[in-house]
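Count the sequence shown with this note's numbering and you get residues 216 to 535, in order. Below is one structure; the comments refer to it alone.
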Amino acid sequence: MSSTVVATKRRSEGKVHWSYLLMSNTPYRALSGFLNRNLKLASILMVVLPVAWLVLWNIFPLGQMLNISLLQQYPVPAGQSEVRTFEHYLLLFTDYTVYLPFLRTMGFAVVVSFVALVLMTPLAYFIAKKVPKNWQVRLLLLAMVPSWVGELIRVFSYVLIFASNGAINLVLMWANFIERPIPFLYTWFSLGAGMLYVVALFMLVPLYAAIEKIPSNVLEAASDLGANGITRFFKVTLPLMRDGIATGVTLVFLITTGVYTVPMILAGTDSNLFAQVIASYFHESSLTWPRGAALAIILFVSALIISGVLHSLLRAKKKY
Numbered sequence: 216m217s218s219t220v221v222a223t224k225r226r227s228e229g230k231v232h233w234s235y236l237l238m239s240n241t242p243y244r245a246l247s248g249f250l251n252r253n254l255k256l257a258s259i260l261m262v263v264l265p266v267a268w269l270v271l272w273n274i275f276p277l278g279q280m281l282n283i284s285l286l287q288q289y290p291v292p293a294g295q296s297e298v299r300t301f302e303h304y305l306l307l308f309t310d311y312t313v314y315l316p317f318l319r320t321m322g323f324a325v326v327v328s329f330v331a332l333v334l335m336t337p338l339a340y341f342i343a344k345k346v347p348k349n350w351q352v353r354l355l356l357l358a359m360v361p362s363w364v365g366e367l368i369r370v371f372s373y374v375l376i377f378a379s380n381g382a383i384n385l386v387l388m389w390a391n392f393i394e395r396p397i398p399f400l401y402t403w404f405s406l407g408a409g410m411l412y413v414v415a416l417f418m419l420v421p422l423y424a425a426i427e428k429i430p431s432n433v434l435e436a437a438s439d440l441g442a443n444g445i446t447r448f449f450k451v452t453l454p455l456m457r458d459g460i461a462t463g464v465t466l467v468f469l470i471t472t473g474v475y476t477v478p479m480i481l482a483g484t485d486s487n488l489f490a491q492v493i494a495s496y497f498h499e500s501s502l503t504w505p506r507g508a509a510l511a512i513i514l515f516v517s518a519l520i521i522s523g524v525l526h527s528l529l530r531a532k533k534k535y
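Right, dumping it as structure tokens:
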């Protein structure tokens, strides 16, 4: 049966697939034919377009941020020349309102990364090794459902949980465990719980991918040789999932260092993070923008260095 007859039959049945509509479109066919006839140009475009996108939306803004951070004033007053200086970078070492939140943020990010690792490892192992294959993807999709909602809305949901008249306090008071509400909100506890809620998925998926690749016969062989569950996990499973651990910890660390909405909503006065300090300079007069830009560059470079060190320490050492 010819393609024309098949297309006519599909249209008559009213079940034309979207891919057919796309591929039968004249501009698409013309572009596809042109690229097939010019494979060298197609190869160049495959390289140039992603690089151009990266430069336009990542490298150029970073370059602009770096340029502003080196200016003594921004914008430069009319009739005056630009004055370059590194004094804004010295705030990290001279101003305690800057270096304390910086150290607090780095320590908090490390703690969140490893708590997320501890919490997500059993769940990832359960999905990868205990759940039937046809249900694994469904459970992962179910875990992704909260991420379909905006981060701001998800974080605000924790306010409803941790508030004095929130879900936790209402249940505890109803069960007569407490007489007055416990101040969960605006503490390190609420900040940590909210952050873990935001980053959990970024730890779960790499761990699942690493554990799912471990052959089941390797684990069975360890059991046959007399290893119990704990020994098998630490001697067999854990070394084989180190790549997933390194990826998950790196992702969670990078996200935690730069997240703004979670501490803005859930943090207390004694638990403000570095991202809030940076934002405060941009919320003020534009004269303070160079300070905010310098601190943003410091955060960017520091997060990359520390996450790189963590990744190199945690990744699997290849012996082949």
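Just so it is clear, CB atoms sit at the ideal spot from N, CA and C, and this is done for glycine as well.
For residue i, the nearest candidate out of the options (CA to CA)
i      : options                        : result
Glu394 : Leu400, Tyr401, Asn384, Trp403 : Asn384
Val326 : Gly483, Leu469, Ser500         : Leu469
Tyr373 : Ile480, Gln491, Met280, Phe341 : Ile480
Leu367 : Pro478, Ala324, Arg447         : Pro478
Ala408 : Gly365, Trp272, Leu334         : Leu334
Glu427 : Leu387, Phe341, Ile397, Ile274 : Phe341
Cβ distance (whole Å) where residue i is taken to contact residue j below 8 Å
i      : j      : result
Thr452 : Leu440 : 14 Å between Cβ atoms; not a contact.
Ala343 : Met418 : Not quite, the Cβ-Cβ distance comes to about 14 Å (not below 8 Å), so this is no contact.
Val370 : Thr472 : Rounded, the Cβ-Cβ distance is 17 Å, inconsistent with contact.
Ala508 : Ser284 : 4 Å
Val474 : Met410 : 7 Å
Leu355 : Tyr289 : Contact doesn't hold; Cβ gap of about 45 Å is too wide.
Ser328 : Val516 : Actually they do not touch by this definition, with Cβ atoms about 19 Å apart.
Nonlocal neighbours in the same chain, by C-beta distance under 6 Å from residue i, ignoring five residues either side
i      : result
Leu236 : Because Leu236 carries a pLDDT of 48, less than 50, the predicted location of this residue cannot be relied on, and no value is offered for it.
Ala378 : Leu400
Ala425 : Met456, Asp458, Gly459
Proximal residues to residue i (C-beta, below 7 Å), its chain only, five neighbours per side dropped
i      : result
Val524 : none
Arg530 : Arg457, Asp458, Ala461
Leu338 : Leu419
Phe497 : Trp504, Gly507
Val346 : Leu354
Leu487 : Going by the sequence as given, residue 487 is Asn instead of Leu. Result list for Asn487: Pro316, Pro478, in chain order.
Beta-ladder partner(s) of residue i, from DSSP
i      : result
Arg299 : Leu286
Residue-chain proximity (residue i, chain D), Cβ-Cβ < 8 Å
i      : result
Val298 : The structure shown contains no chain D, having only a single protein chain.
Exposure label - residue i; buried when at least 16 CB within 10 Å
i      : result
Thr312 : exposed
Arg506 : buried
Asn253 : exposed
Thr465 : buried
Thr309 : exposed
Ser522 : buried
Other residues of its chain near residue i: CB distance less than 8 Å, five sequence neighbours each side excluded
i      : result
Leu307 : Val313, Tyr314, Phe317, Leu510, Ile513
Arg299 : Leu285, Leu286, Gln287
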